[in-house]
Amino acid sequence: MPVDPLKLKTIEDDDDVSVADSEESIEDKKQEINTDFTFSVDGGADWDTKKYQWDFTNIKQSAKQGQKATLDEVINSKKVDLSGLDEDEEEEEDEEEVREGLSILEKDDPEDIVKEKRKAEFFDDTVIETTAEQSESFTSFSLSRPILKAIAAMGFVKPTDIQAKSIPLALQGRDICGSAVTGSGKTAAFMIPILERLLFRPRTVPAIRVLVLVPTRELGAQCHSVATNLSKFSTIQICLCVGGLSQKLQEAELRKKPDIVIATPGRLIDHIHNSPSFSLDEIEILVIDEADRILEDGFKAELNEIIKNTPVKRQTMLFSATMTDNVDELIKLSLKNPVRLFVDNNQSMTSKLVQEFIRVRQHKEESRPAILAALCSRTYQSETLIFFRSKAAAHHMKIVFGLLGLSAAELHGNLTQFQRLEALENFRDKKVNFLLATDLASRGLDISGIKTVINYDMPANYSVYVHRCGRTARGDAGGRAVSLVGEQDRLILKLALKNSRDAVKHRVVPSKVIAKFETVLEGLKDTIKEIYVEEKQEKLISNAEMQVQKAQNMILHEKEIKSRPAKVWFQTAEETKAAKAKPVDPNAPARSKTDGMSRKKKRLYFARQEEKKEQAQQQIAAKSAKSASKQKKLTQFSTKDSGKQQSKKRNLFDAEISRKKRK
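This note's numbering puts the sequence shown at residues 753 to 1415.
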């Protein structure tokens, strides 16, 4: 039978020949086809809104894990039994409304008219109005499909107030000073318009066009994760430059000229001075997240160095929950007629936050650990974030919690970057019930599900208190902030009451319960000392191993190491400490009131000043003429009683707490 040459197959000598499918097998395959198949209209996007908005998995790969911590193993072997305390009666709580009982601050002094006029001249006074459509949907902003697709994939339904007001202005290239309550979506408020504008960037020559400055590494990692999720349907490249991660990997990414760089000030300056071919000359947009923190004196030198290396012609956006509108602070950022978007009072709390205060008497300051242990063992047993003033206090209570059988993680500056990210993820994933942190975790971190924030120590100023409490009651969720208040904290207490929108309560922990936990903690003192000794020995061994490894590297790679160019440091460690400890110079020249004004505004300012002088002179002349025409009063006796002693002023804290009871 002749063979059709069109059906011949070309094979090699050693290849296996596959037999053509028979008609029966073809029919079987047709029957296996799923008739219910439908095409995915979302293009394969992940619409599961239960997934987290940030993920540190990729970032942790570039962090040095270091020596494995054995602290948890040591603590677990020395746990104590708290079953006896559980048999006691439940803790009695006296939750009485204290808004009326606690006196509010006296009326504020009249606002400084000069400062207010300077603000009016510096900021754009355009009233920002949002339509009903803009408040209900992201589609009203005319965003591109890749951005809308990513927004929907992250579970965002409608924009928040700060997003509805800032996105249109940011798309226009305006400078913005934005402030809104914590948890209102400020990261997306500046990242969405940035990504939209970058979709239309020239792609022939890559360049670093956007710089986002953040005060902490964790906030930078979270911002990078959110930006990556929002840009996953585009070709926009984002680089994270923070301390604790591999600098060599960051240099390699920067050489590729990513579109967006998210950085902390210290690591960014390191790259400016030591990374070849890296500069900020092509920056078009500068964003400073948690701007009030970066504008503080601690970052003053770093910020000046960064601003000096960025172009003057750029868009600048500042965001924070406690954003400053001090003109003197903002002038140095070269803002051009910025728009002030203060959606809420920059000192106010979210309306769904319940604040509780526990009084710690002056002679009972040593009872704080027992009060905290009682609260966490009996009342707030999960999803609780606890803030401390010092790293040592946070670490000490981590040991105490472990001995009491309370699963906790710690977050502070003495940990490696891998350990810090691991602690955040364990707390987010509910692998631990408590996160013991310093103010490192007070700004910007978005961890869903936090029910309670406990302030073991009240912070030094009220703005930090606002950021601490802002870790709970985020978005539409409720939350509770419990604070241990001492005699020295009454000013922050008054400010908290003044700016609170919702319930403020006074919680009383029974002295009987505190005494029982004090007894338990007293019995753990020797065990805690042993753990500290073991931990110190472990650190010494780890440091010795590190020195040995360093010496081996010097022997094996001596030529390569010595051939590297010497690093340029912006500041030595001693200079950094001296800058932080430097007091304010009272003799420093004051900044001119007309700095940052255009020539037109300067002329208006000086004209108003001349008019004020003339009015003041006229008023003085009229007043002196009026007083001269009046007859002088005849006084025979002095109305003052010099011998009468004034009553001694009572303790303000006691007066505030007990005022309602007297009523």
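Yeah, the Cβ is synthetic: ideal placement off N, Cα and C, and Gly gets one too.
N- and C-terminal bounds of the alpha helix (DSSP H) containing residue i
i	result
residue 1170	1169 to 1180
residue 939	938 to 950
residue 902	897 to 905
residue 1018	1017 to 1026
residue 1351	1351 to 1381
residue 1245	1242 to 1251
residue 977	969 to 982
residue 826	823 to 828
Local conformation of residue i per DSSP, three classes
i	result
residue 1258	strand
residue 1166	coil
residue 1011	coil
residue 997	strand
residue 1269	helix
residue 1210	coil
residue 1308	helix
residue 1186	strand
residue 1135	coil
residue 1092	strand
residue 1140	coil
residue 914	helix
residue 1130	helix
residue 1044	helix
residue 919	helix
residue 1102	coil
residue 811	helix
residue 1394	Caution applies to residue 1394, whose pLDDT of 49 falls short of 50 and renders its modelled position unreliable; the value that the coordinates give is listed next. Residue 1394 falls in the coil class under three-state DSSP.
residue 1051	helix
residue 1200	coil
residue 1230	coil
residue 1160	strand
residue 1300	helix
residue 1218	helix
residue 1119	helix
residue 798	For residue 798, the predicted structure reports a pLDDT of 43, less than 50, and the residue's modelled location is therefore unreliable. A value from the coordinates is still provided. Looking at residue 798 - three-state DSSP - the assignment turns out to be coil, as it is neither helix nor strand.
residue 774	Its pLDDT being 45, under 50, residue 774 is placed unreliably in this model, and the value from its coordinates should be taken loosely. In this structure, residue 774 counts as coil in the three-state DSSP scheme.
Among the options, nearest to residue i - alpha-carbon criterion
i	options	result
residue 995	1004, 1193 and 1015	1015
residue 1330	939, 1319 and 1051	1051
residue 919	943, 1272, 906 and 1314	943
residue 1273	979, 1115, 1310 and 1152	1152
residue 1145	1208, 982 and 1265	1208
residue 1243	1262, 1211 and 1271	1211
residue 896	945, 1219, 1292 and 1134	945
residue 1103	1230, 1355, 1356 and 1009	1230
residue 1035	1219, 1126, 1012 and 1043	1012
residue 1270	1127, 1164, 1294 and 1246	1127
residue 1112	991, 1241, 1149 and 1303	1241
residue 1206	1137, 1318, 1068 and 1182	1137
residue 1430	926, 894, 902 and 981	There is simply no residue 1430 to check, as the chain begins at 753 and stops at 1415 in what is shown.
residue 912	939, 999, 1245 and 1140	939
residue 1194	1178, 1183, 1181 and 1214	1214
residue 1025	1317, 1377, 1096 and 1362	1317
residue 1148	957, 1328 and 1166	1166
residue 1427	1306, 1067 and 900	For residue 1427 there is no data in the structure shown, the boundaries of the chain being 753 and 1415.
Integer-rounded CB distance, given that residue j should sit under 8 Å from residue i
i	j	result
residue 1061	residue 1032	5 Å
residue 1222	residue 1073	6 Å
residue 928	residue 1070	7 Å
residue 1010	residue 991	4 Å
residue 808	residue 1292	Contact doesn't hold; Cβ gap of about 30 Å is too wide.
residue 971	residue 1042	7 Å
residue 993	residue 1019	5 Å
residue 1027	residue 1006	6 Å
residue 902	residue 982	5 Å
Extent of the continuous beta strand (DSSP E) run through residue i
i	result
residue 988	No beta strand (DSSP E) contains residue 988, which DSSP labels as neither H nor E.
residue 1067	1067 to 1072
residue 924	Segment: none, residue 924 is in no beta strand (DSSP E) and carries neither H nor E.
residue 1107	1105 to 1111
residue 963	962 to 965
heavy atom of the ligand NAP below 7 Å from residue i C-beta
i	result
residue 1199	In the structure on display, the ligand NAP does not appear, and there are no ligands present to speak of.
Give a yes or no on contact between the region 919 to 934 and the region 959 to 967, applying the rule of three or more CB pairs nearer than 8 Å.
no
Q.
Below 8 Å, how does it come out for the region 1186 to 1193 and the region 1309 to 1328: are there three or more Cβ pairs, yes or no?
A. no
For the structure I just gave you, are there three or more beta carbon pairs, one from the region 1267 to 1283 and one from the region 823 to 833, closer than 8 Å?
yes
TODO: Tell me, please, whether the region 949 to 960 touches the region 973 to 982 by the rule of three or more beta-carbon pairs shorter than 8 Å.
DONE: no
Can at least three beta-carbon pairs, one atom from the region 1213 to 1233 and one from the region 1151 to 1169, be found at a separation below 8 Å? no
### Query
Quick one: any contact between the region 905 to 913 and the region 1188 to 1207, if contact means 3 or more CB pairs under 8 Å?
no
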